[in-house]
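Chains as they are written, first to last, in the numbering used here: chain A, 58 to 212; chain B, 6 to 90. Every residue, glycine too, gets a C-beta built ideally from N, C-alpha and C. Note that the structure is a prediction, hence the values are computed from the model and not measured.
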């Protein structure tokens, strides 16, 4: 199972995708994702994932011209995961893959009352961190969760 | 000079922490920063606003001090992780 997070250019979380052997099994869209790209993602089930492709062609009289073609990749295809990543780049969105071992950390981070930038930046850092740094993040998140629970209980 | 992703990542984990310069813009973010720093993790100074975009991050990575050159998710990391379970 591959788990991919989708973010806007401003690092707002737009959704999550779950793939099995490359094929899209399930997608979850946030309210922000719904307004930005929910309709298009909803169409993937019937029309496939729409990608733009550029094809360069040499002209008889010399020179090269570019044709822009639209292709569709089925969500059931083994190429769906890669197609979603390409689709995201073509829309200036960003994706981050979550390895299973980091899933609990992401879930904890997602529950914290952070700004979009903080959440995205923190997970980006965790995703690329060494084991020592991952452990530090783990401890920091646990501490903050405890403090947040204590604070909300006190209010 | 553009370096590969692999080369960039090899040049220090501090680079990836550039993305968290904004950590501290909320009270919860400030707590996270405090806890990480208390554990000896050196974070970039707090700067409000958009973090360094990923593409630029990969390129600037080569200028970082080589304080921790271990490649993230290396076999050594995985071994450590397995040992900690």
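Practice problem: Please compile the residues from chain B whose C-beta is within a distance smaller than 7 Å of the C-beta of residue 171(A). | Solution: Contact note: residue 171(A) reaches chain B through 31, 33 and 34, using a C-beta cutoff of 7 Å and chain order.
Self-check item: residue 98(A), enclosing alpha helix (DSSP H) - first and last residue
Solution: In this chain, the alpha helix (DSSP H) harbouring residue 98(A) covers 96–104.
Exercise. Can you have a look at residue 24(B) and say buried or exposed, based on whether 16 or more other CB atoms are within 10 angstroms of its CB?
Key: With 16 or more other Cβ atoms within 10 Å, it is buried.
Quiz item: Cβ of residue 71(A) within 8 Å of Cβ of residue 94(A)?
Solution: Contact: yes.
Practice problem: Sort 152(A), 158(A) and 203(A) by Cα distance to residue 186(A) and report the nearest one. | Solution: Ranking 152(A), 158(A) and 203(A) by CA distance to the CA of residue 186(A) puts 158(A) first.
Quiz item: Roughly how many angstroms lie between the CA atoms of residue 37(B) and residue 115(A), to the nearest whole one?
Solution: Cα to Cα, residue 37(B) sits roughly 56 Å from residue 115(A).
Self-check item: Helix, strand or coil at residue 173(A) [DSSP, three-state]
Solution: Residue 173(A) falls in the helix class under three-state DSSP.
Practice problem: Could you pull out every residue in the same chain whose Cβ sits closer than 8 Å to the Cβ of residue 111(A), ignoring the five residues on either side in sequence? | Solution: Once the five neighbours on either side are set aside, the close Cβ partners of residue 111(A) are 123, 124, 125 and 126.
Quiz item: Residues of chain B with CB under 8 Å from residue 139(A), in chain order?
Solution: Going along chain B, no residue has its Cβ under 8 Å from residue 139(A), so there is no contact; the nearest lies around 17 Å.
Self-check item: Residue of 117(A), 106(A) and 137(A) minimising C-alpha distance to residue 129(A)
Solution: Nearest option by C-alpha distance: 106(A).
Exercise. For chain B, find out if any of its Cβ atoms is closer than 8 Å to the Cβ of residue 190(A); answer yes or no.
Key: By this cut-off, residue 190(A) is an interface position.
Practice problem: Answer with yes or no whether the minimum CB distance from residue 193(A) to chain B is below 8 Å. | Solution: By this cut-off, residue 193(A) is an interface position.
Practice problem: Report back the beta-carbon spacing between residue 198(A) and residue 160(A) to the nearest angstrom; my notes put them in contact at under 8 Å. | Solution: No, residue 198(A) and residue 160(A) are not in contact; Cβ-Cβ is about 13 Å, not under 8 Å.
Practice problem: List the residues of chain B that residue 39(A) touches, going by C-beta distances under 8 Å, in chain order. | Solution: There is simply no residue 39(A) to check, as chain A begins at 58 and stops at 212 in what is shown.
Quiz item: Can you tell me whether residue 174(A) is buried or exposed, with buried defined as 16 or more other CB within 10 angstroms of its CB?
Solution: Residue 174(A) is buried by the Cβ-count criterion.
Quiz item: With respect to the beta strand (DSSP E) encompassing residue 143(A), which residues constitute its N-terminal and C-terminal limits?
Solution: Premise fails: residue 143(A) lies in the alpha helix (DSSP H), 137–147, not in any beta strand (DSSP E).
Quiz item: Can you find a C-beta in chain B that's less than 8 Å from the C-beta of residue 196(A)?
Solution: At least one CB of chain B lies nearer than 8 Å to the CB of residue 196(A).
Exercise. Return the bridge partner residues of residue 153(A) from the DSSP annotation.
Key: When DSSP reads this structure, residue 153(A) sits in a beta bridge with 62(A).
Quiz item: How should residue 68(A) be labelled, buried or exposed, when 16 other C-beta atoms within 10 angstroms of its C-beta is the threshold for buried?
Solution: Per the 10 Å Cβ criterion, buried.
Quiz item: Starting from residue 72(A) and walking both ways along the beta strand (DSSP E), at which residues does that stretch end?
Solution: Element bounds for residue 72(A): 70–77.
Quiz item: Could you give the distance in angstroms between the alpha-carbon of residue 26(B) and the alpha-carbon of residue 119(A)?
Solution: Residue 26(B) and residue 119(A) have their C-alpha atoms spaced approximately 51 Å apart.
Quiz prompt | Cβ shell of residue 136(A) (< 8 Å), same chain only, five flanking positions each side left out | solution = Counting only residues of its own chain and dropping the five nearest sequence neighbours on each side, residue 136(A) has a CB closer than 8 Å to the CB of 79 and 130.
Quiz item: With a Cβ-Cβ cutoff of 8 Å, do residue 34(B) and residue 162(A) count as a contact?
Solution: Cβ distance not < 8 Å, so residue 34(B) and residue 162(A) don't count as in contact.
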